[in-house]
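Engineer: Just so you know, the sequence shown maps onto residues 144 to 442 in this note's numbering.
The C-beta atom is built at its ideal place from N, Cα and C for all residues, glycine as well.
Here it is, the structure, as structure tokens.
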Amino acid sequence: MNKFNRLKTETRNPVSMEIDQMSTLEMLQVINQEDITVPLIIRDNLNQIAQAVDLIYEQLKEGGSLIYVGAGTSGRLGLLDAFECPPTFGVSPRMVRGVIAGGEKALLGAVEENEDAYEEGRLAIQENGITASDVVVGLSASGLTPFVLGALDEASNRKAKTMAIINNPNPDLAKKCDSVIVCETGPEVITGSTRMKAGTSQKLILNMISTSVMIKLGKVYQNLMVDVKPTNQKLINRSINIIAEATGESFEKAQETFLKTQDVKVAILMLKGKLNHSSAVKLLEETGGVIQAALNKIR
């Protein structure tokens, strides 16, 4: 039997067998009901996701990078998560990166043939200069994508930590990787269309991983994105609101302090710790940029 024929994501979903005969509302109800199952399946994988977060955190806090590798929908989801990290958490674009089969042209259209290129996956890791400090996360609904497998093999050869987020079990992959998250989302509403439940599960898991890692790295204070980069008016206003929320000061006082510092963390520490600018900067440097750790040193 063809290995792809055994995949649950390639089998027909009995719930949607007659979806082409349904009304618009009935179609949407079926899709919605299937989508509801995804977070519940993810909940069963929280222990594995937690292990992945801790593994990535340990690498990144020592200066390593996180690299997502995928093809098609999975590749685009990895890139999307990577692209959002610099503006949200103020990290270098090098810290979290995405690699997609087919390169830039795959962002503008489908280049499905590239996912079969095992050697291109290996080459992508070589070109990104992956080392033992890094973590490479393979994203693949099938768990069999040659481009992703090539990337993971090359990353392992370079002593990087390796992970996989997949939607069908792959015992061979589980043996090769340091961590594997198997989110069995099952048959899609449209047979084989893994951009649906499988893709949704990958997006949710990536949200959880990158967010949790950044919290552990001190990029969040309470539940505020204190390392946000104020590159436009919306983000400048958000930065001032964050300072006001974190300190209990008025918007005007927060704005005044922000305009002096141009740094959310420094402004918060100045106001909460009653410090001058240079003292706040120095204390943040001593505590690795973690606001709570800095405040604990004052008390």
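Who are the Cβ neighbours of Val294 in its own chain at under 8 Å, not counting the five residues just before and after it?
Structural biologist: The question names Val, but residue 294 in the sequence shown is Ala. Cβ within range, chain order: Val212, Val242, Gly264, Arg265, Ala267, Ile268, Val279, Gly281.
Engineer: Are there 16 or more other CB atoms within 10 angstroms of the CB of Lys304, so buried, or fewer, so exposed?
Structural biologist: Buried.
Engineer: Less than 6 Å between C-beta atoms, sequence neighbours within five positions excluded: which residues of the same chain meet that for Gly329?
Structural biologist: Once the five neighbours on either side are set aside, the close Cβ partners of Gly329 are Lys151.
Engineer: Ile184 to Asp370, Cα distance in whole Å?
Structural biologist: About 32 Å.
Engineer: If we ignore side chains and look at the alpha-carbon of each, how far apart do Pro182 and Phe226 end up?
Structural biologist: One C-alpha to the other measures close to 23 Å.
Engineer: Here's a check: name, in chain order, each residue in its chain whose Cβ is nearer than 6 Å to the Cβ of Asn313, leaving out the five neighbours to either side.
Structural biologist: Excluding residues within five positions, the ones whose Cβ falls inside 6 Å are Gly286.
Engineer: Could you say which of Glu169, Leu168, Asp178, Asn366 lies nearest to Gln345 if we only look at CA atoms?
Structural biologist: Among Glu169, Leu168, Asp178, Asn366, the Cα nearest to that of Gln345 is on Asp178.
Engineer: Can you tell me where the alpha helix (DSSP H) holding Gly218 begins and where it ends?
Structural biologist: From DSSP, the alpha helix (DSSP H) with Gly218 extends over 215-232.
Engineer: DSSP three-state call for Ser283: helix, strand or coil?
Structural biologist: Ser283: strand per DSSP, three-state reduction.
Engineer: Are Val424 and Ile174 closer than 8 Å when you measure CB to CB?
Structural biologist: For Val424 and Ile174, no; Cβs fall outside 8 Å.
Engineer: Using only the alpha-carbon positions, how far apart do Gly335 and Glu169 sit?
Structural biologist: Roughly 21 Å between the two C-alpha positions.
Engineer: Decide if Pro157 is buried, meaning its Cβ has at least 16 other Cβ atoms within 10 Å, or exposed.
Structural biologist: So Pro157 ends up on the exposed side.
Engineer: Considering just the uninterrupted stretch of the beta strand (DSSP E) at Ala307, what are its terminal residues?
Structural biologist: First-last of the beta strand (DSSP E) with Ala307: 304-309.
Engineer: Which first and last residues belong to the beta strand (DSSP E) in which Val239 is found?
Structural biologist: Looking at the DSSP string, the run of the beta strand (DSSP E) that includes Val239 is 239-243.
Engineer: So, at 6 Å on beta carbons, what are the nonlocal neighbours of Gly342 in its own chain, with the 5 sequence-adjacent residues on each side left out?
Structural biologist: If we look at Gly342 and ignore the five residues flanking it on each side, its Cβ neighbours are Thr216.
Engineer: Taking one C-beta from the stretch 220-238 and one from the stretch 379-398 each time, how about it: are there three or more such pairs within less than 8 Å?
Structural biologist: Too few Cβ pairs lie closer than 8 Å, so no.
Engineer: Please confirm if the stretch 390-404 is in contact with the stretch 350-367, defined as three or more CB-CB distances below 8 Å between the two stretches.
Structural biologist: In short, these stretches do not touch, since the Cβ pair count stays below three.
Engineer: By how many angstroms is the C-alpha of Pro230 removed from the C-alpha of Thr274?
Structural biologist: So the two alpha carbons sit approximately 25 Å from each other.
Engineer: May I ask you to report which of helix, strand or coil DSSP gives Val278?
Structural biologist: The answer is strand: DSSP assigns Val278 an E or B state.
Engineer: Relative to the ligand MN, is the shortest distance from any of its heavy atoms to the C-beta of Asn271 smaller than 7 Å?
Structural biologist: Questions concerning the ligand MN fall outside what the structure shown contains, since it holds no ligand whatsoever.
Engineer: Is it buried or exposed, Gln398, if we count other Cβ atoms within 10 angstroms and call 16 or more buried?
Structural biologist: With 16 or more Cβ atoms within 10 Å of its Cβ, Gln398 is classed as buried.
Engineer: Determine the closest residue to Ser299 out of Val433, Ala195, Ala387, Lys318, with distance taken between C-alpha atoms.
Structural biologist: Taking only the C-alpha atoms, the option nearest Ser299 is Lys318.
Engineer: Using C-beta distances below 7 Å, list every residue in its chain close to Ile192, excluding the 5 sequence neighbours before and after it, in chain order.
Structural biologist: Correct list, in chain order: Ile324, Ile348, Met351, Ile352.
Engineer: Which residue marks the beginning of the beta strand (DSSP E) containing Ser443, and which one marks its end?
Structural biologist: What the structure shows of the chain is the stretch from 144 to 442, and residue 443 is not part of that stretch, so it cannot be assessed.
Engineer: Please specify which runs of the alpha helix (DSSP H), each continuous and at least 4 residues long, are wholly inside the stretch 152-205, giving them in chain order.
Structural biologist: With a minimum length of 4 residues, the continuous alpha helix (DSSP H) runs that stay inside the stretch 152-205 are 167-186, 189-203.
Engineer: Could you give the C-beta distance for Ala437 and Leu412, rounded to a whole number, given that I count them as a contact under 8 Å?
Structural biologist: Right, their Cβ atoms sit about 6 Å apart.
Engineer: Express the C-alpha separation of Gln435 and Gln405 in angstroms, rounding to a whole number.
Structural biologist: Distance between the alpha carbons of Gln405 and Gln435 is about 20 Å.
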